[in-house]
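Every letter in the sequence shown is one number past the one before it in my numbering, and letter 45, counting from 1, is 45.
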Amino acid sequence: MEVNLFFSLAEAAEKYLVHGVMLTCITRMELTLHKTHPIQVLNHSGKHGYEYLANLAAPMTIPSPIREVVDGLKFPGLLSKWV
């Protein structure tokens with residue numbers, strides 16, 4: 001599944017509380033996506049309170065250019081937590 005579509009699905013699952021899909025999406029983020037798409041995982045986990053998932057993704061953003069991180073972290077207050 002294309003990554004933007006995946007994160008749209010994860011967002012819809014959270015909005016409508018589709019617990020089976022929520023669990024599946026979180027599991028995929030834990031297993032692989034926190035390594036390949038850490039900024040998107042940080043946004044999702046910050047918005048929905050998955051602190052342990054944010055802690056997995058945050059170190060993966062260190063090699064990213066600062067501009068990419070600043071532009072990518074869209075959830076309010078998330079950038080200050082990242083710094």
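C-beta atoms are modelled at their ideal positions from N, C-alpha and C, and glycine is treated no differently.
Where residue i sits in the DSSP three-state scheme
i, result
"Gly-72", "helix"
"Leu-17", "coil"
"Ile-39", "helix"
"Glu-2", "coil"
"Ile-62", "coil"
N- and C-terminal bounds of the alpha helix (DSSP H) containing residue i
i, result
"Leu-79", "78-82"
"Ala-57", "51-57"
Beta-carbon separation (whole angstroms), residue i vs residue j, contact threshold 8 Å
i, j, result
"Ile-39", "Ser-64", "7 Å"
"Trp-82", "Leu-31", "Their Cβ separation, rounded to whole angstroms, is 22 Å, which puts Trp-82 and Leu-31 out of contact at 8 Å."
Cα-Cα separation, residue i to residue j
i, j, result
"His-44", "Lys-35", "14 Å"
"Leu-53", "Ala-10", "14 Å"
"Leu-78", "Thr-27", "22 Å"
"Phe-75", "Leu-23", "21 Å"
"Gly-46", "Ala-58", "11 Å"
"Gly-72", "Gly-20", "27 Å"
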